[in-house]
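One structure is given below, encoded as structure tokens.
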Amino acid sequence: QRPNIFTNSVANIGPNEKVSISIQYQQTLSYDQGQFSIRFPMVVGIRYIPDTQKIEGFNGLGWAMNTNQVPDARSITPPVTDSDQGHNSPVSININLEAGFPIVNLESRYHPINKQINEANQYQIQLANQTTPANRDFELTWRPQTTHEPQAALFTQDKDNDRYALLMLMPPEVDWSKQQTLAKEMIYVIDTSGSMSGESMQQAKQALLLGLSQLKSEDWFNIIQFNSYTEAFSEQALPARENNIERAKSYVHSLHADGGTEIAAALNTALSNVSKSERIRQVIFLTDGSVGNEKQLFKIIKRKLDNSRLFTVGIGSAPNSYFMSEAASLGRGTFTYIGKIEEVQEKISQLFQKLNHPVLSDVEMIWKDESDIDYWPNPIHDLYIGEPLIVSLKLPKDQKQLIIKGNTSQTEWSTKLPITNGGKATGLNVLWARNKIQSLSQKISHGADPEKIKQVITELGLEHHIVTKHTSLVAVDVTPTKPSDIASKNKAVPVKKPHGWNMKTPGNIPQGATSSQMNLVLGILLLIIGFMLRKYVFK
1 QRPNIFTNSV ANIGPNEKVS ISIQYQQTLS YDQGQFSIRF PMVVGIRYIP
51 DTQKIEGFNG LGWAMNTNQV PDARSITPPV TDSDQGHNSP VSININLEAG
101 FPIVNLESRY HPINKQINEA NQYQIQLANQ TTPANRDFEL TWRPQTTHEP
151 QAALFTQDKD NDRYALLMLM PPEVDWSKQQ TLAKEMIYVI DTSGSMSGES
201 MQQAKQALLL GLSQLKSEDW FNIIQFNSYT EAFSEQALPA RENNIERAKS
251 YVHSLHADGG TEIAAALNTA LSNVSKSERI RQVIFLTDGS VGNEKQLFKI
301 IKRKLDNSRL FTVGIGSAPN SYFMSEAASL GRGTFTYIGK IEEVQEKISQ
351 LFQKLNHPVL SDVEMIWKDE SDIDYWPNPI HDLYIGEPLI VSLKLPKDQK
401 QLIIKGNTSQ TEWSTKLPIT NGGKATGLNV LWARNKIQSL SQKISHGADP
451 EKIKQVITEL GLEHHIVTKH TSLVAVDVTP TKPSDIASKN KAVPVKKPHG
501 WNMKTPGNIP QGATSSQMNL VLGILLLIIG FMLRKYVFK
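What follows is the structure in structure tokens.
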């Protein structure tokens with residue numbers, strides 16, 4: 001349904017029958033501020049569906065009706081259970097971690113874990129509670145032992161007549177607090193829709209207040225809040241003087257969560273009114289991203305980004321990480337995830353340290369003979385402190401050296417990496433193909449021929465056995481599994497309410513929705529009452 005929402009239909013399950021389903025997938029680790037992490041989503045956040053919805057006609061396969069902006073709304077709005085107990089949708093996790101280098105600070109932020117290390121320096125990790133409810137995402141983090149020299153790694157894989165590689169270049173650890181900062185224009189965008197109520201709103205406001213306190217005297221700023229409507233703190237960006245910052249903090253304290261999640265208008269406002277100055281323009285977007293019209297929003301970013309950089313901050317226990325990470329990627333920025341209020345200080349401080357000190361821009365890779373390279377993502381994003389440069393490549397087997405170039409704030413930078421024969425790494429071909437498919441899919445809204453893109457994606461999906469928008473992996477079992485005269489019933493499996501979310505609206509309609517549906521219900525009730533009273537009077 002979405003790159004981060006999958007549905008699975010299983011037929012012919014008999015009474016008291018147990019069915020096991022095995023799904024394999026692949027993803028790359030995140031690395032930020034010297035720390036590796038992997039996040040495993042365990043619950044789908046309740047999506048706000050823009051445009052008018054009908055009250056009648058809800059069924060067990062989805063609480064929302066399809067709309068023109070979200071034509072598959074019924075497929076991405078499963079029933080929700082408001083229970084935090086582990087008997088419904090329990091989860092057990094077992095991890096075998098082979099980092100490839102000595103590590104420290106192995107921990108899970110949101111779930112208690114048990115861990116053991118063997119003689120081969122491999123960690124076995126399990127959830128301490130093997131019946132954990134699936135109501136918040138699981139995240140595992142660890143750090144490599146520190147070094148003051150750059151660490152470069154190039155993993156290679158030979159498959160058939162091709163060679164694939166994964167490049168990772170990690171910047172050295174530097175005391176960036178002593179480095180000179182650049183003047184910035186900071187545009188803070190905060191989601192104040194109903195789905196942000198409770199702890200999520202507290203996290204977002206605290207993050208925004210901390211962001212305001214990090215401004216330098218040479219910076220400019222503005223604040224944009226959005227729910228069903230969009231409102232700017234000022235018509236234009238303001239200089240970061242003390243009186244302006246104090247007024248802005250009072251404005252933030254007055255914000256509260258209510259209404260719909262109309263991100264489109266907020267994006268248009270944030271990426272407009274660009275001043276002609278030497279300042280770096282950075283847009284900080286704080287939201288849970290619980291929307292179903294991601295494609296429309298991506299088009300806005302591509303069309304209006306210009307020289308701005310878009311940094312997304314995911315708020316709450318189950319943010320829409322696909323939208324948040326993709327928006328940051330299109331915006332040449334980064335995605336930061338804040339799962340609980342105790343993390344705000346640490347993660348927002350790290351984000352602003354990153355924004356103050358971009359390490360490398362205009363990054364490119366070339367062979368020694370300067371021939372073209374098939375690498376993805378393309379173009380390569382900027383490199384910031386505390387995070388690596390990670391690129392998937394398809395290599396000619398005769399190439400022996402890779403050259404990486406880029407620009408720092410003061411000079412041009414380059415390095416050379418030797419290319420060895422394919423090693424033990426596996427799946428690099430799938431990762432390269434998946435990254436290429438993702439980049440090609442983005443080009444459609446840039447005006448590329450969709451039929452040509454579809455053909456290339458289909459060929460890549462079939463060659464590398466990848467599920468895409470145009471290819472599927474289908475297993476067909478023709479063996480009868482039930483008598484033909486017995487009818488089957490459809491039933492949707494409910495998902496857990498994300499940890500910390502409020503559910504105060506009627507039924508399964510999420511709090512991010514507008515009040516129009518409730519107004520319609522009340523209006524119908526009043527008409528019925530009025531008709532009955534009129535009938536009684538004339539009787």
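Note that the numbering used here numbers the sequence shown so that position 115 is 115, with each residue one more than the last.
For glycine and all other residues, C-beta sits at the position ideal for the given N, C-alpha and C.
- The continuous beta strand (DSSP E) containing Glu107 extends over residues 103-108.
- Bridge pairing for Pro144: Ile103 [DSSP].
- Closest in alpha carbon position to Asp191, among Arg109, Asp288, Ala165, is Asp288.
- Scanning its chain for C-beta atoms nearer than 7 Å, with the 5 sequence neighbours on each side dropped, one finds around Tyr251 the residues Ile223, Phe233, in chain order.
- Taken atom to atom, the span from the alpha-carbon of Tyr25 to that of Phe352 is near 33 Å.
- Under the 10 Å beta carbon count, Ala327 is surrounded by 16 or more other beta carbons and is classified as buried.
- For Asn490, there is no enclosing alpha helix (DSSP H), as DSSP gives it neither H nor E.
- Apart from the 5 residues on each side of it in sequence, Leu182 sits with its Cβ closer than 6 Å to the Cβ of Ile280 in its chain, given in chain order.
- Under the rule that a run must span 3 or more residues, the beta strand (DSSP E) segments found entirely inside the segment 344-376 read 358-367, 374-376.
- Inter-residue distance for Ile187 and Asn273 is about 11 Å (C-alpha atoms, whole angstroms).
- Non-local C-beta neighbours of Asp374 in its own chain, meaning closer than 6 Å and more than five positions away in sequence, comprise Lys394, ordered along the chain.
- Measuring C-alpha to C-alpha distances from Ser275 to each of Asn307, Ala248, Val291 identifies Asn307 as the nearest.
- Pairing Pro144 with Leu428, the inter-Cα distance amounts to about 22 Å.
- Straight-line spacing of the CA atoms in Tyr322 and Asn68 works out to 21 Å.
- Assignment of beta strand (DSSP E) within the segment 16-77, counting only whole runs of 3 or more residues, yields 30-32, 35-40 in chain order.
- Contact between Pro450 and Glu262 does not hold, since the beta-carbon distance rounds to 27 Å and is not under 8 Å.
- Taking Ala264 as reference, the option from Phe285, Asn105, Glu139 with the minimal CA-CA separation is Phe285.
- Distances from the alpha-carbon of Gln296 to those of Lys400, Leu267, Glu412 put Leu267 closest.
- A direct Cα-to-Cα measurement between Pro498 and Met324 gives close to 17 Å.
- Secondary structure note for Lys497: it is in no beta strand (DSSP E), with a DSSP letter that is neither H nor E.
- Counting C-beta pairs with one atom in each stretch, the segment 199-209 and the segment 338-350 have three or more that are closer than 8 Å, which means they touch.
- In this chain, the alpha helix (DSSP H) harbouring Gly211 covers 199-213.
- In terms of Cα proximity to Ser195, the closest of Gln345, Tyr48, Ala492 is Tyr48.
- Here the segment 11-26 makes contact with the segment 482-490; the two share three or more CB pairs at distances below 8 Å.
- By the CB criterion at 9 Å, Gln33 and Ile385 fall inside the cutoff.
- One thing to note: Leu431 has its Cβ no nearer than 9 Å to the Cβ of Thr156.
- Assignment of beta strand (DSSP E) within the segment 233-316, counting only whole runs of 3 or more residues, yields 280-287, 309-315 in chain order.
- In the DSSP assignment, Thr458 falls within the alpha helix (DSSP H) that extends over 450-464.
- Exclusion of the five residues before and after Thr312 leaves Phe285, Met324, Ala327, Ala328, Phe335 as the residues of its chain whose Cβ lies within less than 6 Å of its Cβ.
- Asn114 and Gln126 do touch by the CB rule: their CB atoms are close to 5 Å apart, below 8 Å.
- Taking the CA atoms as reference points, Ile404 sits about 45 Å from Trp501.
- Counting the other Cβ atoms within 10 Å of the Cβ of Glu294 gives 16 or more, which makes it buried.
- For Leu97, no alpha helix (DSSP H) segment is defined; the enclosing uninterrupted segment is the beta strand (DSSP E) at 94-97.
- Of all alpha-carbon atoms in Ser254, Asp162, Leu238, Ser213, the one lying nearest the alpha-carbon of Gln202 is that of Ser254.
- In this structure, Pro112 lies away from Ala134, with their beta-carbon atoms at least 9 Å apart.
- For the options Met42, His381, Pro319, Gln438, the alpha carbon positioned closest to that of Gly333 is the one of His381.
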